[in-house]
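>
In our numbering, the protein residues as written are 197 to 586.
1. Using DSSP with H/G/I as helix, E/B as strand and the rest coil, what is residue 576?
2. Quick one: using the 10 Å Cβ neighbour count with 16 as the cut-off for buried, is residue 234 buried or exposed?
3. Compare the C-alpha of residue 412 against each of 280, 334 and 356 and name the closest.
4. As a quick exercise: from 305, 473, 467 and 559, pick the residue whose alpha carbon is nearest that of residue 456.
5. Please return the same chain residues whose Cβ sits closer than 6 Å to the Cβ of residue 373, not counting the five positions on each side in sequence.
6. Got a sec, what are the start and stop residues for the beta strand (DSSP E) residue 297 sits in?
7. Which of the three DSSP states is assigned to residue 556 in this structure?
8. Would residue 318 be called buried (16 or more neighbouring beta carbons within 10 Å of its own) or exposed?
9. Here's a check: name, in chain order, each residue in its chain whose Cβ is nearer than 7 Å to the Cβ of residue 414, leaving out the five neighbours to either side.
10. For residue 172, which residues of its own chain have a beta-carbon under 6 Å away from its beta-carbon, when the five flanking residues on both sides are left out?
11. At the level of alpha carbons, what is the spacing between residue 444 and residue 359?
12. Between residue 480 and residue 274, what straight-line distance do the alpha-carbon atoms span, to the nearest angstrom?
13. Tell me which residue opens and which closes the beta strand (DSSP E) that residue 247 is part of.
14. For residue 375, which option in 325, 423, 282 and 243 has the closest C-alpha, if you only look at C-alpha atoms?
15. Which value, in whole angstroms, describes the spacing of the CA atoms of residue 434 and residue 427?
16. Determine the closest residue to residue 231 out of 555, 328, 277 and 354, with distance taken between C-alpha atoms.
17. Classify residue 594 as buried or exposed, calling it buried when 16 or more other Cβ atoms lie within 10 Å of its own Cβ.
18. Can the beta-carbon of residue 410 be found closer than 8 Å to that of residue 449?
19. Determine, using beta-carbon pairs with one atom in the segment 252-271 and one in the segment 330-337, whether at least three such pairs fall under 8 Å.
20. Where does residue 478 sit, in a helix, a strand or coil, going by DSSP?
This is how it looks when you write it as structure tokens:
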């Protein structure tokens, strides 16, 4: 039975290895790969277009792009005998009408039949809709010196073209940019999204994105912080794209100054209670004004309790070590004190010991084992000690 199991495992392993080797997505180190495919215009444009297509690599620990090969085509493309380095990440980028479209080879199933879909460019965000607009102020941790705020925006481009504002246009207005409002005095802004590459432009009232927005659903995640001593946060949230659902979550017992069209509710997230302001079907161009008041922050007692809990083991170790150190010091002091207590018996024993040393020294001097000068110095010292002890 054991032999049968061994051979079964062996053959299963061989079959798995063969499957991996035959898989088009499995790339060995220093293997040469052919990439072949077609570019499809998802905007259903009939006229022939010229596309610039590049095969690019990037190292995980670096930001420099390595261009492997570049070509221009009206439809079909092929990159032959591409040497793959497993330390690099490879992607194909199609630049069409100034809009980059990126396709990672790890997401491509068949390298011999690649389909890259690109879209015509649109300069107006008429087809952009915000599905969910959520702001969350998490419970403030006792070990934190800031108030953190998270934002998640889900949006959709329901057209067949990619929106990308023309930043070189002198008549460009805020209506033609993907803009989001933030409160005054925000700090440490961080923005991430699943959109193609672009720039984050920080402005006094929030931030704007220059990223292209292809057709389909996308998400933008951002975070920022407010000073710890912030008494209130005033929001004037402009919604040029509207919002099917709007939510603002703040720790339980937070107060709000809000318009009547916002509904107040509460919810539980990871065992913590949050106050929730929400609205539905906010129309394009509308804005929401809210003031978040009295955000609960940990007091001095909470901070001390949190510190003790987080450092309980270290505190116990230090306390025990300190206790034993004090005990050792007390024992040492007690012994020294005991040795210094006057005792006739101790004095007599010490005196006899010194006398024996003098007799021994005299014997060495008579036998000429000690020089006269050394003898006199040592004998004088021993005699003085005897006088001091008596």
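By construction, the Cβ of each residue, glycine as well, lies at the ideal position given by its N, Cα and C atoms.
In this structure, then:
1. Residue numbering aside, residue 576 sits at position 380 when the chain shown is read from its first letter. In the structure shown, residue 576 sits in a helix (DSSP, three-state: H, G or I).
2. Reading the chain shown from its first residue, position 38 is the one you call residue 234. When all chains shown are included, residue 234 counts as exposed.
3. As a working mapping, residue 412 is identified with position 216 in the chain shown. Per the Cα distances, 356.
4. As a working mapping, residue 456 is identified with position 260 in the chain shown. If you compare the alpha carbons of 305, 473, 467 and 559 with that of residue 456, the shortest gap goes to 473.
5. Stepping through the chain shown from its first residue, residue 373 is reached at position 177. Hits under 6 Å: 361 and 404.
6. Within the chain shown, residue 297 is the residue found at index 101, counting from 1. Segment 295-300, the beta strand (DSSP E) holding residue 297.
7. Numbered from its first residue, the chain shown carries residue 556 at position 360. In this structure, residue 556 counts as helix in the three-state DSSP scheme.
8. Along the chain shown, read from residue 1 onward, the residue named residue 318 stands at position 122. Residue 318 should be labelled buried.
9. For this step, residue 414 is matched to residue 218 along the chain shown. Residues 351, 389, 390 and 391 of the same chain have their beta carbon placed closer than 7 Å to that of residue 414, with the five preceding and five following residues left out of the count.
10. The chain is shown only over 197 to 586; residue 172 falls outside these bounds and no answer can be derived.
11. Sequence index remark: in the chain shown, residue 444 carries index 248 (1-based). Sequence index remark: in the chain shown, residue 359 carries index 163 (1-based). C-alpha separation (whole angstroms): 28 Å.
12. Taking the chain shown and counting its residues from 1, one reaches residue 480 at position 284. Taking the chain shown and counting its residues from 1, one reaches residue 274 at position 78. Rounded to the nearest angstrom, the two C-alpha atoms are 44 Å apart.
13. As a working mapping, residue 247 is identified with position 51 in the chain shown. 247-255 is the span of the beta strand (DSSP E), which, as asked, contains residue 247.
14. Sequence index remark: in the chain shown, residue 375 carries index 179 (1-based). That would be 325, whose Cα lies nearest to the Cα of residue 375.
15. Against the chain shown, residue 434 aligns to sequence position 238. Against the chain shown, residue 427 aligns to sequence position 231. Their Cα atoms are separated by approximately 23 Å.
16. Residue numbering aside, residue 231 sits at position 35 when the chain shown is read from its first letter. Residue 231 has its Cα closest to that of 277, out of 555, 328, 277 and 354.
17. Absent from the structure is residue 594, since the part of the chain shown begins at 197 and ends at 586.
18. To locate residue 410, count along the chain shown from 1; it is residue 214. To locate residue 449, count along the chain shown from 1; it is residue 253. Taking 8 Å as the Cβ cut-off, residue 410 and residue 449 do not qualify as a contacting pair.
19. Pairwise C-beta distances place the segment 252-271 out of contact with the segment 330-337, as fewer than three of them are shorter than 8 Å.
20. Translated into the one-based positions of the chain shown, residue 478 becomes position 282. Looking at residue 478 - three-state DSSP - the assignment turns out to be strand.
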